[in-house]
Each structure stands twice: as structure tokens, then as C-alpha cells.
Amino acid sequence: MDRQLLTNGRLATLDAPEGFGLIETGAVALDSGRIAWVGPDDALPQAFAAWPRRDLGGALVTPAPIDCHTHLVFGGDRAREFEMRLQGASYAEIARAGGGILSTVAATRAASEDALFAQALPRLAALIAEGVTTVEIKSGYGLDVETELRMLRVARRLGRERPVRVRTSFLGAHACPPEYRARPDAYLDEVCRPVLRAARAEGLVDAVDGFCEGIAFSPAQIARVFDTAQELGLPVKLHAEQLSHQGGTALAARYGALSADHVEYAHEEDARALAAAGSVAVLLPGAFYTLRETQVPPVSEFRDAGVAMALATDCNPGSSPMTSILLAMNMGCTLFGLTPDEALRGVTVNAARALGLEDCGRIAPGLRADLAVWDAGQPAELAWRIGFNPLRERLFAGTPC
Ligand code: DI6
Ligand code: FE
């Protein structure tokens, strides 16, 4: 039997309504990739006492981080656009001039499946090196049948060939491709929705996403994509209120979305709608930082309304070329005013919720043994440091790797 006992750990279980759910000198019993028991060392039941044990020497143990919002699979780079922005061009101006997302669409269409896979590997490796065991990956840089499916196949292959769980989101409604210029409705009907059906039939989609923005799609257009998602029995999530207030958050809440993401421009009533729908607000400080945004998400309104907040990298070549979940935690605190325990909740229990996963994100009996062991004394250290990785060990379903 694949059983082990980790003792003498400082456990941040996140298995409490707020705070870290700390157990100062704790033990976790792991059985066949699942957590069998967790509690203080001195309360260990007799039944586990003879299991092979490992003394952690007081190291910090958390649920393994989950990156619940990435665009990790893409072709090419956007370094030139970075230079343009440094010279004063805005993200929206570059997008309207045919750059931005569409330049990555051109590079992604030109890349083979093997090339996309090879380019994604180091990005995924960087996340894994920080203990990440679950990664969400979106399509949305293909915007045609073959390339959208190719991106999703690459995402699935990453999950097969690396010790990480991949959840895919179909993001066909990310931008209107050049061949449908000024005909976004035709794109949605002729390409986006049919490709969603095809991807679903191939088992490539776990959720459906969209970009609701002045430079992308309106709430009414996104609603049509969500209708197709509902018909296919797929949950939805949405890039909403990132650059302006368009009503995407309210729409997402109406569809019972898993999450509304970015949400810098969300209002108080949006917060209430998310709370009522049980949708998570996914905050993406890497994009806020990269685009030098000034509108911070309404964190105190989210708190007051009881909206669960997650944090993610938004790893993408344009607005967040970031592959550090620890940096996302630090930025969530420094830029958005989250507390370190909100930041840790944001990449564990709330990130799991944003993906509709109930079997990870906390240290609790019955859940997957996806754990991170850190050379850190207290959990706030994870959000405190910048550009430093204190990971000692990552357990993926109980296996150190
Ligand atoms: N919002 C974002 O921040 C990313 N996608 C989106 O809808 C950016 C994607 C890109 O610029 O390539
Ligand atoms: Fe995004």
C-alpha cells in the first residue's frame, strides 16, 4: 500500500472559513494519493502510528498552489509590443492596430502542435517549480477550427506528459480574427460556436471562457457563446471589466459562472451579484502591473459581499508574461491590498473553486494529496518575498516530484 505519514510540519490547511487554518506541529497521513488524516502530531490516531513516517523538521506545508487562469499555450512572443508600450502606446491602441492578441494568433496558427508543446514546457516547468499541481490553460489564440483544437490538444498533452493536472477552457471568444474583421457575429456563429461543439465532442473542454470588452465582445455576444456552453453542459467563466465596465460580471453571475476574472472595473452591485451566484472573483495583478493600470479591483466590496477571491498569473504573452504564482501572491497583497492569508486562499481553496474542483485546495481528509513543503517559518512568507522560491518539495497526488 502506498502509505506515508508526514510529521512535525507547520500546516496551513486552509480548511477554515478564514485565516490559514494553522496547525503548529501537525501530521498528514497520505494513502494512495489522498489525504487520510490531518491533525496535531500528538493527536495522531493509533491506526496510523505504524505507517512509514517522515519528520519535516517544522517546515511549512500548504495545499499545492493552483494557477486557475493562464494562456500558457501560445506561439511567438510580444517583446516588440512591450517596447512600443514603453514608448507610450496603449494596450488597446496596439490591439486596434492589429497587434496585440492578433499578433499572437498569427504566430500560433503558424506553429505546429509539437512547436506549441515545446514552447509551453518551460512556462509550465516554472509553475511546477513553485509547487503548482493544477493549471488552467485556455485556447483563444487560434480563432479558427484547426488552431483552437490544436491549442486544446497541446494543453491536454501537457497534462499527460508532466506531473500536473490541466483544466482547459475554450476561449474562442477572445478576439475577432482578421478574416472576420468587423463581422464579430458571423465569427461567433460560423467559427466560435461550432468549434466549441467540436472541441467538446473530442473531450477537450472543461469550461467556456470569453473576453467581454470594448476591444473584444459585448455581453450580448458573449451570452450567445454561453448559451452554447449551457446546451453542452459546460460551466462558464469570463474575462470581465478588465479595461472598462461593460456588464460582463453581471452576465457571468446570471449564468452561474465559476468565476469572473480581472474585474478591476466591477461595481458594488457586481460584487453582490457574484456573491449571490457563488462565482469567484479571479484577480490578475500581473496584467494590472504589466499594463500599468491604475483602477484596482473593488477588494473591500468583494470582502463585504462575501465574494471568494482567487489569484492567478494570467500567464500570456501580451498583458502578463508571468510564470510565478508566488509573485502573483505578492502582487495581490502589494498592489490590491489582499492580506497574506487571502493571497494563499486565492491560490489554493478559492482557485480550486474557480475551476469547479472540490478535491483539492485544502489539507483535509479525502482530498488529493497535492501538497507543497516550503523552507519557510510562517505562511505569510510566501507572499512576502519577491523573486525567491522557498519550495522544498512538491507532492503530486502523494508522489514527490
Ligand atoms: N485579457 C488579458 O489580459 C489577456 N486576454 C484577455 O482577454 C491578454 C491576452 C493577450 O494580450 O495576448
Ligand atoms: Fe486572461
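In this text, residue positions in the sequence shown follow the working numbering: the first is 1025, and each later residue adds one.
The beta-carbon is built from N, C-alpha and C at its ideal position, and this holds for glycine as well.
- Judged by pairs of C-beta atoms under 8 Å, the stretch 1325-1335 touches the stretch 1369-1382, as three or more such pairs exist.
- Rounded to whole angstroms, ALA1421 and ARG1392 show a C-alpha spacing of 6 Å.
- Closer than 7 Å to some heavy atom of the ligand FE: that describes the Cβ of ASP1285.
- Minimum Cα-Cα distance from SER1344 among the listed residues GLY1050, THR1314 and GLY1122 corresponds to THR1314.
- A Cβ-Cβ separation of about 5 Å places ALA1329 in contact with ARG1296 under the 8 Å criterion.
- The beta carbon of ALA1311 lies closer than 6 Å to those of ASP1338, SER1343 and SER1344 in the same chain, with the five residues before and after it left out.
- DSSP places LEU1267 outside both helix and strand once states are collapsed to three, so it counts as coil.
- Three or more Cβ pairs closer than 8 Å define a contact, and the stretch 1152-1163 falls short of that threshold against the stretch 1110-1129.
- By the neighbour-count criterion, in which a residue is buried when 16 or more other Cβ atoms sit within 10 angstroms of its Cβ, GLY1099 is buried.
- Per DSSP, reduced to three states, the secondary structure at ARG1180 is helical.
- Using a cutoff of 7 Å, the CB of HIS1095 counts as near the ligand DI6, since one of the ligand's heavy atoms is closer than that.
- Look at MET1108 here: in three-state DSSP terms it is helix.
- Residue environment for THR1318: exposed (fewer than 16 other C-beta atoms within 10 angstroms of its C-beta).
- Not a single heavy atom of the ligand FE lies less than 7 Å from the C-beta of ASP1091.
- Just measuring C-alpha positions, the residue of ARG1409, ASP1383, ALA1231 and GLU1255 sitting nearest LEU1262 is ALA1231.
- Distances taken from the Cβ of ASP1230 to the heavy atoms of the ligand FE include none shorter than 7 Å.
- One alpha carbon belongs to MET1346, the other to ARG1409, and they sit about 16 Å apart.
- Around ALA1223, the same chain offers GLU1172, LEU1173, LEU1176, PHE1194 and VAL1229 as residues with beta carbons nearer than 7 Å, after the five sequence neighbours per side are excluded.
- Between GLY1043 and THR1037, the gap from beta carbon to beta carbon reaches 8 Å or more.
- If only complete runs of 3 or more residues are kept, the stretch 1121-1175 shows the beta strand (DSSP E) at 1158-1162, in order along the chain.
- Distance from the C-beta of ASN1354 to the nearest heavy atom of the ligand DI6 is not below 7 Å.
- Going by beta carbons, GLY1390 and ARG1102 fall outside the 8 Å limit.
- The DSSP-derived three-state label of ILE1047 is strand.
- Proximity of the beta carbon of GLN1028 to the ligand DI6 is not indicated: no heavy atom of the ligand is located closer than 7 Å.
- Between VAL1219 and VAL1169, the C-beta spacing is below 8 Å.
- Annotation: the continuous alpha helix (DSSP H) that includes ILE1246 extends over 1243-1255.
- Residue pairing from DSSP places THR1423 in a beta bridge opposite PHE1420.
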